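In this note's numbering, the protein residues as written are 172 to 474. Beta carbons: idealized from backbone N, C-alpha and C, even for Gly. All values reported here derive from a predicted model rather than from experimental measurement. Working notes, structure below.
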C-alpha cells in the first residue's frame with residue numbers, strides 16, 4: 172500500500188513538472204494580474220515558492236511536509252490544500268455512494284434473474300444492454316441524460332448541487348456504467364454457483380428453485396462480487412473527474428480539473444494523492460472483508 176502511494180506521489184510530481192509553461196507566471200497572473208508579468212516579479216515569486224530549486228529537492232521537501240500532514244497551500248489562492256480537498260470530499264462521497272446504490276439495485280437482481288434464465292430472451296437482452304453500458308463513455312451518456320431529462324423533459328436541473336434533484340443525473344451516469352460491469356460479473360458467478368454439487372444436493376432434497384437461488388447460490392456467488400464492488404468504487408472516484416465537470420458538481424473531480432486549468436501544482440498533487448489513498452484503503456478493506464466472508468481462505472491460511 173505504501174509503495175503504491177509513494178509511486179503515485181513520484182509520478183504526479185514528475186508529470187506536473189514536465190508539463191509546458193512556467194508555474195511562476197501562472198501564480199503571478201492569478202494573484203496580481205497581467206501587469207505583474209515582469210521578469211523581476213516572476214523571479215521573485217519563483218524564489219518565494221521554492222520553484223527555483225531542482226525537481227528532486229522540491230519533491231523531497233514536499234514529502235517532508237506530507238509526512239507532517241501538510242499538503243501545502245494552493246499556488247493560486249494561498250488556501251491550504253488539505254482544507255480545500257476536505258471541503259470538496261463530502262460532495263464526491265455523496266455522489267459515489269448514490270452511484271453505488273444505483274449500481275447494486277440494478278446489477279444484483281438482474282444478475283440473479285439472468286443466471287436463473289440462461290439463454291432466454293430476457294438474458295440475451297440484458298447482456299446486450301450490459302455490453303452497451305460497458306462500452307458507452309460516461310461523458311457521452313451524461314450528455315444523453317442531459318438532453319432527455321433536463322432539456323427535453325425538464326425533470327432535473329443540468330448543473331449544480333443545491334438539492335437532491337441535482338444529484339440524480341450524475342449518479343445515474345456513474346451508477347449505470349458500474350451496473351453493467353457488476354451485472355455481467357454477478358451472472359457469471361451465479362452460473363458457476365448453480366452448477367456446484369451442493370446445489371444438486373439441495374434440489375434432490377426437494378427445495379424450491381427460489382430458495383436454492385437466494386439462500387444457497389447467491390450467498391457464495393456474491394463473495395467474489397465484493398472484490399469487484401471495491402474496484403468499481405475506485406472507478407467512481409476516477410470517473411467523477413469527468414462527470415463532476417459536466418454537471419458542475421462541486422467535488423474533488425471538479426477541483427482537480429479547475430486546478431489543472433490554472434496549473435496549481437500543489438492542489439493537483441494533493442488531490443491526486445488523496446484520491447489514490449482512498450482507492451488503496453477501499454481495496455485494503457475489500458481484501459480484509461473477503462477473508463472474513465470466505466471461510467475457505469482462512470482455512471488455507473491456517474494450513
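Asked, Found
"Between the beta-carbon of residue 213 and the beta-carbon of residue 199, is there less than 8 Å?", "yes"
"Helix, strand or coil: how does DSSP classify residue 261 here?", "helix"
"Starting from residue 244, follow its DSSP beta bridges and name the residues at the other end.", "251"
"For residue 361 versus residue 388, is the C-beta spacing smaller than 8 Å?", "yes"
"Starting from residue 215, follow the alpha helix (DSSP H) in both directions and report where the run begins and ends.", "210-219"
"Determine the closest residue to residue 355 out of 441, 260, 298, with distance taken between C-alpha atoms.", "298"
"Less than 8 Å between the C-beta atoms of residue 353 and residue 403, yes or no?", "yes"
"Taking the alpha-carbon positions, what's the residue 281 to residue 382 distance?", "17 Å"
"Would you report the Cα separation of residue 251 and residue 218, rounded to the nearest angstrom?", "20 Å"
"With 16 as the cutoff for other CB atoms within 10 Å, does residue 190 come out buried or exposed?", "exposed"
"I need the DSSP call for residue 377, collapsed to helix, strand or coil.", "coil"
"Between which two residues does the alpha helix (DSSP H) carrying residue 233 extend?", "226-238"
"With the cut-off set at 8 Å, would you say residue 246 and residue 210 are in Cβ contact?", "no"
"Report the option in 424, 455, 393, 437 whose CA atom is closest to the CA atom of residue 275.", "393"
"Keeping to the same chain, check which residues put their C-beta closer than 7 Å to that of residue 305; ignore five residues upstream and five downstream.", "351, 352"
"What does a CB cutoff of less than 7 Å around residue 421 pick up in its chain, not counting 5 residues either side in sequence?", "259, 262, 332"
"Which whole runs of the beta strand (DSSP E) in the region 312-384 are 3 residues long or more, in chain order?", "none"
"With DSSP run on the structure shown, which of helix, strand or coil describes residue 434?", "coil"
"Can you list, in chain order, the residues of its chain with a C-beta nearer than 8 Å to that of residue 300? Leave out the 5 residues immediately preceding and following it.", "351"
"Quick one: Cα of residue 242 to Cα of residue 181, how far?", "14 Å"
"Out of curiosity, what's the CA-to-CA distance linking residue 316 and residue 415?", "14 Å"
"Taking residue 344 as the reference, give the member of 368, 271, 287 with the closest Cα.", "271"
"Could you give the DSSP three-state label for residue 288: helix, strand or coil?", "coil"
"Once DSSP output is grouped into helix, strand and coil, what is the label at residue 296?", "helix"
"For the alpha helix (DSSP H) that contains residue 180, what are its first and last residues?", "173-189"
"Terminal residues of the continuous alpha helix (DSSP H) containing residue 392?", "389-417"
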